[in-house]
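Asker:
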Amino acid sequence: AQKVTQAQTEISVVEKEDVTLDCVYETRDTTYYLFWYKQPPSGELVFLIRRNSFDEQNEISGRYSWNFQKSTSSFNFTITASQVVDSAVYFCALSEGIDSGGSNYKLTFGKGTLLTVNP
Amino acid sequence: KAGVTQTPRYLIKTRGQQVTLSCSPISGHRSVSWYQQTPGQGLQFLFEYFSETQRNKGNFPGRFSGRQFSNSRSEMNVSTLELGDSALYLCASSLGPFPGSPQHFGDGTRLSIL
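Line order of the protein sequences matches chains F and R. Position 99 of the first sequence, counting from 1, maps to 99 under this note's numbering, and the rest follow consecutively. Position 8 of the second sequence, counting from 1, maps to 1008 under this note's numbering, and the rest follow consecutively.
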């Protein structure tokens, strides 16, 4: 089974629509981190957010919001009022195996969701 | 403040050769991580260096190695290149070790193996 599943391979929306990108993860660890990254057409990765397993508070940053639910092992990402500049591939990632020194982690990325926002 | 700089941007090699990629982190950043991105395998973690020490390594063969210098600049080396090593190699730097600090990525080095 995949450790990080991004079931939506591609999503296409029209500007100003809200869009939610799904991420479901699998781990037996109690201490882990979840991440979202953005990769625009230019290719560089952009770090968006990090959430540790003990912090289930939802987070909002401008038009971006994240919903972390341990009960369903999901860490979904919502873009409100999407814009053309939001067009990119979005990756969800899981870091597990965090020991006391934090150095033996295993980092797994999802396959990514290609979001296209049309004008 | 200059961002993460990766050189070269593009590289073409043939099977069996070796290659060295370079990453200059943001000034003051002590952690450098390397990732490989391919259409088939997606994004995969290669290794992380912090204060000149390899802190963690992903599931890659020994042909993939790296190092970090006292100025935090990092190099990764791939020996005996295979066709499957064709990929975008991304470097990220952060102030502290992963996952404690946000990462900043370079534009990547696109390596093509002929």
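Beta carbons: idealized from backbone N, C-alpha and C, even for Gly.
Determine the DSSP secondary structure at glycine 1084 of chain R, reduced to helix, strand or coil.
Answerer: DSSP places glycine 1084 of chain R in helix when its eight states are reduced to three.
Asker: Is there contact between the stretch 1018-1036 of chain R and the stretch 29-44 of chain F, where contact requires at least three CB pairs shorter than 8 Å?
Answerer: Result no; under three Cβ-Cβ pairs closer than 8 Å.
Asker: Using a Cβ cut-off of 9 Å, which residues of the stretch 32-46 of chain F contact any Cβ in chain R, in chain order?
Answerer: The stretch 32-46 of chain F vs chain R, Cβ under 9 Å: Tyr33, Phe35, Tyr37, Gln39, Ser42, Gly43, Glu44, Leu45, Val46.
Asker: Looking only at C-alpha atoms, which of R:Leu1095, R:Ile1113, R:Ser1112 sits nearest to valine 1004 of chain R?
Answerer: Closest by alpha carbon: R:Leu1095.
Asker: Whose Cβ in chain F lies nearer than 7 Å to the Cβ of asparagine 1056 of chain R?
Answerer: Those within 7 Å of asparagine 1056 of chain R in chain F are Ser103, Asn104, Tyr105.
Asker: What is the C-beta distance between arginine 63 of chain F and isoleucine 49 of chain F, in whole angstroms, given that I count them as a contact (C-beta under 8 Å)?
Answerer: Not confirmed; about 13 Å, so no contact.
Asker: My parser needs the alpha helix (DSSP H) runs of 4 or more residues fully inside the stretch 1030-1069 of chain R; what are they?
Answerer: You should have found no qualifying run.
Asker: Among R:Ile1012, R:Gln1018, R:Lys1057, R:Arg1073, which residue has its Cα nearest to the Cα of leucine 107 of chain F?
Answerer: Residue R:Lys1057 is the option with its Cα nearest to leucine 107 of chain F.
Asker: Would serine 12 of chain F pass as an interface residue toward chain R - the criterion being a Cβ-Cβ separation below 9 Å?
Answerer: Taking Cβ atoms only, chain R never reaches closer than 9 Å to serine 12 of chain F, which makes this a no.
Asker: At which residue ranges does the stretch 45-86 of chain F contain complete beta strand (DSSP E) runs of 3 or more residues, listed in the order of the chain?
Answerer: List check, beta strand (DSSP E) in window: 46-52, 59-61, 64-69, 74-79.
Asker: Can you tell me whether glutamate 1082 of chain R is buried or exposed, with buried defined as 16 or more other CB within 10 angstroms of its CB?
Answerer: Classification of glutamate 1082 of chain R: exposed, given that the 10 Å Cβ count is below 16.
Asker: Any idea what DSSP makes of glutamine 39 of chain F, helix, strand or coil?
Answerer: Reduced to three states, the DSSP call for glutamine 39 of chain F is strand.
Asker: Compare the C-beta of aspartate 1107 of chain R with all C-beta atoms of chain F and state if any pair is closer than 9 Å.
Answerer: Yes, aspartate 1107 of chain R counts as interfacial toward chain F.
Asker: Applying the criterion that 16 or more other CB atoms from any shown protein chain within 10 Å of the CB defines a buried residue, is isoleucine 1113 of chain R buried or exposed?
Answerer: Answer is buried; the Cβ neighbour count reaches 16.
Asker: Is it the case that the Cβ atoms of glutamate 26 of chain F and threonine 9 of chain F are separated by a distance below 9 Å?
Answerer: Cβ atoms of glutamate 26 of chain F and threonine 9 of chain F: not closer than 9 Å.
Asker: Kindly list, in the order they appear in chain F, the residues whose Cβ is closer than 7 Å to that of phenylalanine 1045 of chain R.
Answerer: Under the 7 Å cutoff, chain F gives Leu107.
Asker: Taking arginine 1110 of chain R as part of the beta strand (DSSP E), name the residues at either end of that continuous run.
Answerer: 1109-1113 is the span of the beta strand (DSSP E), which, as asked, contains arginine 1110 of chain R.
Asker: Please identify the residue among R:Thr1014, R:Thr1109, R:Leu1090 whose C-alpha is closest to the C-alpha of phenylalanine 47 of chain F.
Answerer: The shortest Cα separation from phenylalanine 47 of chain F among R:Thr1014, R:Thr1109, R:Leu1090 belongs to R:Leu1090.
Asker: Whose C-alpha, out of R:Gly1108, R:Val1078, R:Pro1008, is nearest the C-alpha of glycine 1016 of chain R?
Answerer: Among R:Gly1108, R:Val1078, R:Pro1008, the Cα nearest to that of glycine 1016 of chain R belongs to R:Val1078.
Asker: If you run the structure through DSSP and keep just helix, strand and coil, what is valine 1078 of chain R?
Answerer: Three-state result, valine 1078 of chain R: strand.
Asker: Less than 7 Å between C-beta atoms, sequence neighbours within five positions excluded: which residues of the same chain meet that for glutamine 1037 of chain R?
Answerer: Within the same chain, glutamine 1037 of chain R has close Cβ partners Leu1043, Ala1087, Leu1088, Leu1090.
Asker: Let's see if you can read the secondary structure: which residues bound the beta strand (DSSP E) around isoleucine 11 of chain F?
Answerer: 10-14 is the extent of the beta strand (DSSP E) around isoleucine 11 of chain F.
Asker: In this structure, how does DSSP classify glutamate 96 of chain F when only helix, strand and coil are distinguished?
Answerer: Three-state result, glutamate 96 of chain F: strand.
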